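Residues in the sequence shown are numbered from 1 upward in steps of one, following full-length UniProt numbering.
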Amino acid sequence: MSAPPSRERPPAEPASILLVDDQPEGLLALEATLAPLGQRLVLAKSGREALRHLLTRDFAVILLDVIMPDMDGFETAQLIRERERSRDTPIVFLTALSRGQLPELRAYAVGAVDYLLKPYEPEILRSKVSVFVELFRKTELVKRQAEALREAQRREHERELGDANRRTEAERGRVREELLRREMEAHRNQQRWLEAVLAALPTPVALVEPGSGRTLVANRAAQGLAGGCLAYREARALHPEAVFRGADGQPLPDAALPLMRAARGESLLGVTVEWEVNGQRGVALAYSELLPRMHGRPETVLLALLDVTGLRAAGKPLDVGPLSRLAEGLRNLPPPDAATPPARPLTEGSPPEEDSDRAAMTQPPER
């Protein structure tokens, strides 16, 4: 069976005691008297040497001889008291003067806590010094405990501050997510609303991504015109036999079609394009305009197409005025709000015909 752990306290670190006497035999006597206490004894042969020791360490008590050349014990004690670090260090005067010769008032005035007359009783000296050593240890213990408490409080404060920062960051993250969710929902509402507006227009209209020529939205009228080839670049692959000509009757390559010209930033105003798709022929006037970023919508190219096949056959003049008015109306459309609710979002419960109508707005027509 193992022995129970010892409850004895670890040995205390020796306290420092400063002994000051200009006589070597006086220092030897002090050292011999206090050695049984087991403390760290520091010797000084003058007041100046004592002050140098006080610059490097703290002492539990200072035993200071009164009569010394150059700087006596009173002057040394006065300088000790003037230093912040050693102001509260106990000073015990040692003197060979008789009780009547020692200026007691001056001794206490310069900071002495006690005095002993030489020759002193060793037991009395050891007893007095032991009291100061114990007081010093308890004071140091209180200091360490206070420092440990401050350190614990500092760590707790840092922990609480860290927790608060994490909570703040988490809340900021939630706010950012909510703002992003609302922004995305607003964008979806804009998209549904715009699709509903375009779907109601009888005029072929498409919204095109600048640069790429990718069609974002095209209404049914645009999908049905020329097999969708004028509204979707992808539709050309579905109708490889389709032929397109300009006003001069010359064939137009794909890059010269109104869709791609508008995507490159050209402003089209009544550009004529003749087409022949699946055995059907027709004529259309193209109008394009760059719509700036507004109401949460990105910069977009508006491409409007006016089917003038009937007017051409009847010999009537071709007027682009309707296209200009249409573009002006789309430019000035207000954003959707409570008074103009967006189209209902598609869900699993949406009617099939509504789903198909919406899907048809963003996909090229099938051949």
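Heads up, the beta-carbon is just placed ideally off N, CA and C, and yes, glycines get one too. None of these values were measured; they are calculated from a predicted model.
Considering residue i, what are the terminal residues of the beta strand (DSSP E) in which it resides?
i: residue 215; result: 215-218
i: residue 114; result: 112-117
i: residue 17; result: 16-20
i: residue 245; result: 243-245
i: residue 274; result: 269-277
i: residue 282; result: 280-291
i: residue 304; result: 300-307
Are the Cβ atoms of residue i and residue j separated by less than 8 Å?
i: residue 43; j: residue 55; result: no
i: residue 91; j: residue 60; result: no
i: residue 14; j: residue 40; result: yes
i: residue 110; j: residue 74; result: yes
i: residue 299; j: residue 210; result: yes
i: residue 222; j: residue 199; result: no
i: residue 67; j: residue 107; result: no
i: residue 16; j: residue 57; result: yes
i: residue 45; j: residue 72; result: no
i: residue 265; j: residue 290; result: yes
i: residue 118; j: residue 94; result: yes
When the Cα of residue i is compared with those of the options, which residue comes out closest?
i: residue 213; options: 161, 201, 233 and 226; result: 233
i: residue 279; options: 242, 128 and 122; result: 242
i: residue 272; options: 263, 265, 262 and 286; result: 286
i: residue 127; options: 33, 238 and 12; result: 33
i: residue 20; options: 80, 65, 52 and 257; result: 65
i: residue 51; options: 260, 257, 83 and 290; result: 83
i: residue 18; options: 168, 62, 165 and 166; result: 62
i: residue 229; options: 76, 129 and 258; result: 258
i: residue 31; options: 89, 155 and 129; result: 129
i: residue 87; options: 78, 141 and 114; result: 78
i: residue 135; options: 89, 69, 38 and 311; result: 89
Kindly list the residues whose CB is nearer than 6 Å to the CB of residue i, restricted to its own chain and excluding five residues on each side of it in sequence; keep chain order.
i: residue 274; result: 245 and 283
i: residue 339; result: Low confidence applies here, because residue 339 scores a pLDDT of 40, under 50, leaving its location unreliable; read the following figure in that light. Around residue 339: no qualifying Cβ.
Go through its chain and collect everything with a Cβ distance to residue i's Cβ below 8 Å, but skip five positions before and after it.
i: residue 390; result: The structure shown has nothing for residue 390, since the chain only spans 1 to 367.
i: residue 227; result: 235, 238, 239, 242, 277, 278, 365 and 367
i: residue 85; result: 54 and 58
i: residue 157; result: none
i: residue 35; result: 41
i: residue 260; result: 213, 233 and 254
i: residue 161; result: none
i: residue 293; result: 299
Tell me which same chain residues have a C-beta within less than 7 Å of the C-beta of residue i, skipping the five on either side of it?
i: residue 262; result: 208, 268, 288, 301 and 303
i: residue 12; result: 137
i: residue 114; result: 92 and 128
i: residue 345; result: For residue 345, the pLDDT reaches just 34, beneath the cut-off of 50, and the residue's location in the model is therefore unreliable, leaving the point undetermined.
Can you tell me where the alpha helix (DSSP H) holding residue i begins and where it ends?
i: residue 127; result: 122-199
i: residue 51; result: 47-54
i: residue 261; result: 258-263
i: residue 80; result: 73-82
i: residue 238; result: 235-238
i: residue 41; result: Careful: residue 41 lies outside any alpha helix (DSSP H), inside the beta strand (DSSP E) at 40-44.
(message) Is it the case that the segment 217-228 contacts the segment 247-264, given that we only count it when at least three CB pairs across the two stretches are under 8 Å?
(response) no
(message) For the segment 121-133 against the segment 143-151, do three or more pairs of beta-carbon atoms, one drawn from each stretch, fall closer than 8 Å, so that the two count as touching?
(response) no
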